[in-house]
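Protein chains: 2
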Amino acid sequence: MPRRTREEAAATREQLLDAAERVFRDRGVARTSLAEVATEAGVTRGAVYWHFRDKADLVAGMCQRAVSPMDAMVERAHGAAGSPLATLRGLCVEALVHLGRDRRAHAVFEILFHRSESGGELARASERHEDDCRHAKARVESLIARAVAAGELPGDTDCTLATHAVHAYVTGIMHEWTLDPSAYDLAVRAAALVDAFVAGLAACPPRRAAAVRSGHARARA
Amino acid sequence: MPRRTREEAAATREQLLDAAERVFRDRGVARTSLAEVATEAGVTRGAVYWHFRDKADLVAGMCQRAVSPMDAMVERAHGAAGSPLATLRGLCVEALVHLGRDRRAHAVFEILFHRSESGGELARASERHEDDCRHAKARVESLIARAVAAGELPGDTDCTLATHAVHAYVTGIMHEWTLDPSAYDLAVRAAALVDAFVAGLAACPPRRAAAVRSGHARARA
DNA sequence: GAAATTACATACATTCATGGATGTTTGCAA
DNA sequence: TTGCAAACATCCATGAATGTATGTAATTTC
Chain U
2 MPRRTREEAA
12 ATREQLLDAA
22 ERVFRDRGVA
32 RTSLAEVATE
42 AGVTRGAVYW
52 HFRDKADLVA
62 GMCQRAVSPM
72 DAMVERAHGA
82 AGSPLATLRG
92 LCVEALVHLG
102 RDRRAHAVFE
112 ILFHRSESGG
122 ELARASERHE
132 DDCRHAKARV
142 ESLIARAVAA
152 GELPGDTDCT
162 LATHAVHAYV
172 TGIMHEWTLD
182 PSAYDLAVRA
192 AALVDAFVAG
202 LAACPPRRAA
212 AVRSGHARAR
222 A
Chain C
2 MPRRTREEAA
12 ATREQLLDAA
22 ERVFRDRGVA
32 RTSLAEVATE
42 AGVTRGAVYW
52 HFRDKADLVA
62 GMCQRAVSPM
72 DAMVERAHGA
82 AGSPLATLRG
92 LCVEALVHLG
102 RDRRAHAVFE
112 ILFHRSESGG
122 ELARASERHE
132 DDCRHAKARV
142 ESLIARAVAA
152 GELPGDTDCT
162 LATHAVHAYV
172 TGIMHEWTLD
182 PSAYDLAVRA
192 AALVDAFVAG
202 LAACPPRRAA
212 AVRSGHARAR
222 A
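Chains U and C supply the protein sequences, listed in that same order.
In case it helps, our numbering puts the first sequence at residues 2 to 222.
In case it helps, our numbering puts the second sequence at residues 2 to 222.
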């Protein structure tokens, strides 16, 4: 079948991304050839190499299509007014609920966490993903700083480390839940999971190292 | 060089595992051939195939050598007397400190998280690893249940979900820290990170699904 | 309505990892 | 001392994946 119309070409591109999600999730990125992706999509390798430069480009396209909704969440949270801590809580819950409900997000995050390796040929895709993560973390740190300024968190909260903690927790939940989605219903339990952590943040957050003007005894042994 | 003595053979086995750690971390598991591992270790592929059945067996050996100290921590914590919650806290901190200090643990966890994909040829290794994880989670759930029994956590705490939360948090910290170890000193900050979460667990843990009719008042401890 | 280009399919050359077979010393036991 | 097997090294055949080059029909564009 040579030369379809523009819309048909866009459709085959989507089919290729859909096929990539299925095959990569089932067999892993490195272990599956582009020929398998093509046959799964009902086309030949020619179509793959027409739409994507190589496997890394295909993976990048797959990621972008799945991650963009989450990026939008982060941006909305960053622009939101009201309690920063409540906004942060809502953002975390929203992201986890989305992962628990959206089939595409589920597949792609499973691939990113468990069925692919960064570096090597996927360097471009993984670096782009890490850039997105850094951007999201900067937004989260801004939220936490605003929470400190609003008195929702202690004044000597270490905002950077708290950001790492939040990100690690949400990422860890995604990482582990995609490993066994049958363990619990993520969309239902997301709020409870996030609330436990936010309560801990508010009650006992990591503090900035007060090494400067402390007359206190050092915590060393 | 044929036929070394027993101890020399054991030494080359260790050299192979060391080389695997370096090469897999630098280039990823799937993208590196066993020939690269061999030359990195100063031997040929013959030695690799003598000591290990295939790449999956090599990875499994590498994992076992690095994970066994953490397994020992879990077992010690499981057998410990005293406050269950304090024991859990100590276990999490100890594991993170170990990751932050031990070079081998650092390399292998970086490989497991970011430089390998489960399934496929590494099915045996990854299944074994997941078995270990399940075992560790069972130990943690036992600790949390004891904390509930001791009154350190609310009576209607959902122990299973709390276990998932603890595991997700610790795993998430490992996952993210290995991505950028220069972000902070894990061994120094581990206690603060864990304390924030344990405080949240104690203050606002996930509760067992109250399975009540809607419109009813919230349950409490 | 021709020309130019798109959207693929097909064929091909090259590279490269794998695993098994085989060779070759040497440590160790009888 | 012989004999066997351990501990590798070397060689080879196979297959598979990649990227490119080319073919081709339909579709825009002018």
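The beta carbon of each residue, even a glycine, is placed where N, CA and C say it ideally should be.
task = Say whether chain C places a C-beta atom closer than 8 angstroms to the C-beta of C93 (chain U).
result = Under the Cβ distance rule, C93 (chain U) does not count among the residues neighbouring chain C, no pair being separated by less than 8 angstroms.
key: CB of L92 (chain C) within 8 angstroms of CB of V75 (chain C), strictly   = Judged by beta-carbon spacing, V75 (chain C) lies within the 8 angstroms limit of L92 (chain C), meaning their Cβ atoms are closer than that value.
request  = Would you check if the region 172–184 of chain C and the region 121–131 of chain C touch, i.e. whether three or more CB-CB distances between them fall below 8 angstroms?
outcome  = Contact annotation: the region 121–131 of chain C does not touch the region 172–184 of chain C, with fewer than three C-beta pairs closer than 8 angstroms.
ask   = Are the Cβ atoms of A204 (chain U) and G152 (chain C) separated by less than 8 angstroms?
value = Not a contact, by the Cβ cut-off of 8 angstroms.
message = Could you check if Y185 (chain C) belongs to the surroundings of the ligand FAD, using beta carbon to heavy atom distance under 7 angstroms?
response = Although the ligand FAD was asked about, the structure shown includes no ligands whatsoever.
query = Can you find a CB in chain U that lies within less than 8 angstroms of the CB of V223 (chain C)?
reply = In the structure displayed, chain C extends from 2 to 222; residue 223 (chain C) sits before or after that span and is not available.
request  = Tell me, please, whether the CB atom of P206 (chain U) is closer than 8 angstroms to any CB atom in chain C?
outcome  = Chain C places a beta carbon closer than 8 angstroms to that of P206 (chain U), counting this residue as a contact.
query = Does the separation of the CB atoms of C64 (chain U) and A126 (chain U) fall below 8 angstroms?
reply = At a Cβ-Cβ threshold of 8 angstroms, C64 (chain U) and A126 (chain U) count as neighbours.
message = Please tell me whether A20 (chain U) and A42 (chain U) are closer than 8 angstroms, where the distance is taken between their beta carbons.
response = A20 (chain U) places its beta carbon less than 8 angstroms from that of A42 (chain U).
inquiry  = Which complete alpha helix (DSSP H) runs does the region 102–134 of chain U hold, if anything under 4 residues is left out?
reply    = Fully enclosed alpha helix (DSSP H) runs of 4 or longer: 104–115.
ask   = In chain U, what lies closer than 8 angstroms to S117 (chain C) by C-beta?
value = Within 8 angstroms Cβ-Cβ: E118.
Beta-carbon proximity check, T158 (chain C) vs R208 (chain C), cutoff 8 angstroms = Cβ distance < 8 angstroms, so T158 (chain C) and R208 (chain C) count as in contact.
message = Tell me which residues share the same chain as L154 (chain C) and place their Cβ nearer than 8 angstroms to its Cβ, disregarding the 5 neighbours each side in the sequence.
response = Cβ neighbours of L154 (chain C) beyond the five flanking positions: L86, I145, A148, A163, L202, A203 and P206.
task = Using three-state DSSP, classify R90 (chain U) as helix, strand or coil.
result = If DSSP states are grouped into helix, strand and coil, R90 (chain U) belongs with the helices.
ask   = Within 10 angstroms of its Cβ, does R26 (chain U) collect 16 or more other Cβ (buried), or is it exposed?
value = By the 10 Å Cβ count, R26 (chain U) comes out buried.
task = Alpha carbon to alpha carbon, how far is V38 (chain C) from T45 (chain U)? Give it in angstroms, no decimals.
result = Roughly 35 angstroms between the two C-alpha positions.
request  = Could you check what DSSP says for T45 (chain U) in three-state terms: helix, strand or coil?
outcome  = Of the three classes helix, strand and coil, the one that applies to T45 (chain U) here is coil, per DSSP.
Chain C contact residues for T245 (chain U), given Cβ-Cβ distances below 7 angstroms = The shown model of chain U, from 2 to 222, leaves out residue 245 (chain U), and the question about it has no answer.
query = Hey, out of U:A48, U:V167 and U:A210, whose CA is closest to F198 (chain C)'s CA?
reply = Checking every option, the nearest Cα to that of F198 (chain C) belongs to U:V167.
Residues sharing a beta bridge with R208 (chain C), DSSP = Under DSSP, R208 (chain C) takes part in a beta bridge, and its partners are C:T158.
message = Taking CB distances under 8 angstroms as the criterion, tell me whether Y50 (chain C) reaches chain U.
response = It does not; no Cβ of chain U falls within 8 angstroms.
Minimum C-alpha distance to L187 (chain C) - residue among U:V141, U:A73, U:H165 and U:V171 = Nearest option by C-alpha distance: U:H165.
task = Look at the alpha carbon of A67 (chain U) and the alpha carbon of L123 (chain C), and state the distance between them as a whole number of angstroms.
result = A67 (chain U) and L123 (chain C) have their C-alpha atoms roughly 27 angstroms apart.
query = Leaving out the 5 sequence neighbours to the left and right, which residues in its chain are closer than 8 angstroms to R23 (chain C) when beta-carbon positions are compared?
reply = If we look at R23 (chain C) and ignore the five residues flanking it on each side, its Cβ neighbours are E41 and A108.
request  = Check each candidate in C:D196, C:M175, C:R7 and C:R14 and name the one with the smallest Cα separation from G101 (chain C).
outcome  = Ranked by Cα distance from G101 (chain C), the options C:D196, C:M175, C:R7 and C:R14 are led by C:M175.
key: Assigned secondary structure, G152 (chain C) (DSSP; H/G/I helix, E/B strand, else coil)   = DSSP places G152 (chain C) in coil when its eight states are reduced to three.
N-terminal and C-terminal residue of the alpha helix (DSSP H) that T13 (chain C) is part of = It spans R7 to R28 - the alpha helix (DSSP H) in which T13 (chain C) sits, taken as one unbroken run.
query = With DSSP run on the structure shown, which of helix, strand or coil describes A57 (chain C)?
reply = If DSSP states are grouped into helix, strand and coil, A57 (chain C) belongs with the helices.
message = So H52 (chain U) and E118 (chain C) are supposed to be a Cβ contact under 8 angstroms. How far apart are they, rounded?
response = H52 (chain U) to E118 (chain C), Cβ: 24 angstroms. No contact.
message = Here's the rule: buried if 16 or more other CB atoms are within 10 angstroms of the residue's CB, otherwise exposed. What is T172 (chain U)?
response = Buried, since its Cβ has 16 or more Cβ neighbours within 10 Å.
inquiry  = Give me the subset of the region 189–204 of chain U whose CB atoms are less than 9 angstroms from a CB atom of chain C, sorted by chain position.
reply    = Against chain C - using a Cβ distance shorter than 9 angstroms - the residues of the region 189–204 of chain U are V189, R190, A193, L194, D196, A197, F198, V199, A200, G201, L202, A203 and A204.
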